[in-house]
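Here's the structure, in structure tokens; my notes come after.
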Amino acid sequence: MVFTAQEMARLMPDASQLESDEPEMESSLHYIQLALLVACLEWQWRDRNDFFVGANLTVYYSQQQLKNRDFRGPDFFLIADTEKRPRRSWVVWEEEGRYPDLIIELLSSSTARVDRNEKKILYQNRFRTPEYFWFDPEDLEFAGFRLIGQEYQAILANEFGRLWSEVLQLYLGIHDGKLRYFTPDGQLVATPEEAALQAQQQAAQAQEQAAQAQERAERLANQLRALGIEPE
Numbered sequence: 228m229v230f231t232a233q234e235m236a237r238l239m240p241d242a243s244q245l246e247s248d249e250p251e252m253e254s255s256l257h258y259i260q261l262a263l264l265v266a267c268l269e270w271q272w273r274d275r276n277d278f279f280v281g282a283n284l285t286v287y288y289s290q291q292q293l294k295n296r297d298f299r300g301p302d303f304f305l306i307a308d309t310e311k312r313p314r315r316s317w318v319v320w321e322e323e324g325r326y327p328d329l330i331i332e333l334l335s336s337s338t339a340r341v342d343r344n345e346k347k348i349l350y351q352n353r354f355r356t357p358e359y360f361w362f363d364p365e366d367l368e369f370a371g372f373r374l375i376g377q378e379y380q381a382i383l384a385n386e387f388g389r390l391w392s393e394v395l396q397l398y399l400g401i402h403d404g405k406l407r408y409f410t411p412d413g414q415l416v417a418t419p420e421e422a423a424l425q426a427q428q429q430a431a432q433a434q435e436q437a438a439q440a441q442e443r444a445e446r447l448a449n450q451l452r453a454l455g456i457e458p459e
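When you line the sequence shown up against our numbering, it's residues 228 to 459, in that order.
Okay, structure coming up:
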């Protein structure tokens, strides 16, 4: 039986404090990859307050799910056009019936079969999530799907092997063995640390250019003085 968000609210009126119930990530590679996806998007959208990113967080979507303890927590998911605030879990009937707009699963030997099959079907048929990607941090398997009509269709890669996300308005692609975001013109979306380093390098470069310009000006002034011309 399928319940509407309003029916679920009446059945479970105090569900906003439901705790997430997800297992630990498979390896340090998975932790690093998940943290990277979250940090980069949060930094890229640092001036926005209209989205929520879930990282290894349970999505509660039905009373039957709670009874069966059939929890489905995507490794990474995005909800657009919602309030950006901390949540213990994502409870669909407490969030105006909203499901994730984008999901990324990190494959592992123990989850790959479920991620490629059962979860894909759930996200397609029940969640109706517009975009679904998966990535294996170990062997770098990468695929993406967009909901067209009633079914997921594979997203075709561009010449650099990257997949366009209409939800993010960014590309997803592999860089140095990690799944990263890229801007529409192909620039790598930086982490906060990378952005800080780039700013330092740009400042150092600007300082060096200023010093070189000052040195050129002094040389020119000395040449003019040698010719008996006092520079202004």
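Even for Gly, the Cβ is constructed at its ideal location relative to N, Cα and C.
* To do: Given a cut-off of 8 Å, decide if Asp-277 and Thr-192 are closer than it, judged by their beta-carbon atoms.
  => Here the chain has residues from 228 to 459 only, and residue 192 is not among them.
* Cβ-Cβ distance between Leu-268 and Tyr-408 below 8 Å -> Annotated as proximal: Leu-268 and Tyr-408, with beta-carbon spacing under 8 Å.
* **Buried or exposed by the 16-neighbour rule on C-beta atoms within 10 Å, applied to Thr-231** => With a pLDDT of only 49 at Thr-231, under the threshold of 50, the placement of this residue in the model should not be trusted, and no figure is reported.
* Please report the Cβ distance between Pro-364 and Leu-256, rounded to the nearest whole angstrom; I am assuming they are in contact, meaning their Cβ atoms lie under 8 Å. => Going by Cβ atoms, the distance from Pro-364 to Leu-256 rounds to 4 Å, so yes, they are a contact pair.
* Please confirm whether Trp-270 and Ala-422 have their CB atoms less than 8 Å apart. => Closer than 8 Å, so yes.
* Report back the beta-carbon spacing between Val-280 and Trp-317 to the nearest angstrom; my notes put them in contact at under 8 Å. => Val-280 to Trp-317, Cβ: 10 Å. No contact.
* Under a three-way DSSP split, which group does Arg-443 fall into? -> Taken through DSSP and simplified to helix, strand or coil, Arg-443 comes out as helix.
* Run through DSSP, which three-state label would Phe-387 get? -> Phe-387 falls in the coil class under three-state DSSP.
* To do: Rounded to whole angstroms, what's the CA-CA distance from Gln-450 to Arg-443? Just pull it up for me.
  => So the two alpha carbons sit approximately 11 Å from each other.
* Asked: If we ignore side chains and look at the alpha-carbon of each, how far apart do Ala-262 and Ala-282 end up?
  -> Answer to the nearest angstrom: the Cα atoms are 8 Å apart.
* **Rounded straight-line distance, which links the Cα of Pro-313 to that of Asn-344** => Each residue's alpha carbon lies about 30 Å from the other.
* **Residues that Phe-278 bridges to, as DSSP identifies them** => Ala-307.
* Of the residues Glu-386, Thr-356, Trp-272 and Gln-291, the one placed nearest Phe-332, counting alpha carbons only -> For the record, residue 332 in the displayed sequence is Glu; it is not Phe. Per the Cα distances, Thr-356.
* **Terminal residues of the alpha helix (DSSP H) in which Ile-382 lies** => Looking at the DSSP string, Ile-382 is not in any alpha helix (DSSP H), and its letter there is neither H nor E.
* Asked: Ala-266 to Glu-420, Cα distance in whole Å?
  -> Take the alpha-carbon of Ala-266 and the one of Glu-420: they are about 10 Å apart.
* Sub-8 Å separation of Leu-390 and His-402 beta-carbons -> Their beta carbons are not under 8 Å apart, which means Leu-390 does not touch His-402 by this criterion.
* Going by C-alpha distance, which of Glu-393, Phe-369 and Asp-302 is nearest Ile-375? -> Ranking the options by Cα distance to Ile-375, first place goes to Glu-393.
* **Residue range of the alpha helix (DSSP H) that includes Ala-417** => Careful: Ala-417 lies outside any alpha helix (DSSP H) and carries neither H nor E.
* **Beta-bridge partners of Ile-330, as assigned by DSSP** => Note: Ile-330 sits in a beta bridge opposite Phe-304 and Tyr-359.
* Residue-chain proximity (Gln-380, chain B), Cβ-Cβ < 8 Å -> In summary, chain B is missing from the structure at hand, where a single protein chain is found.
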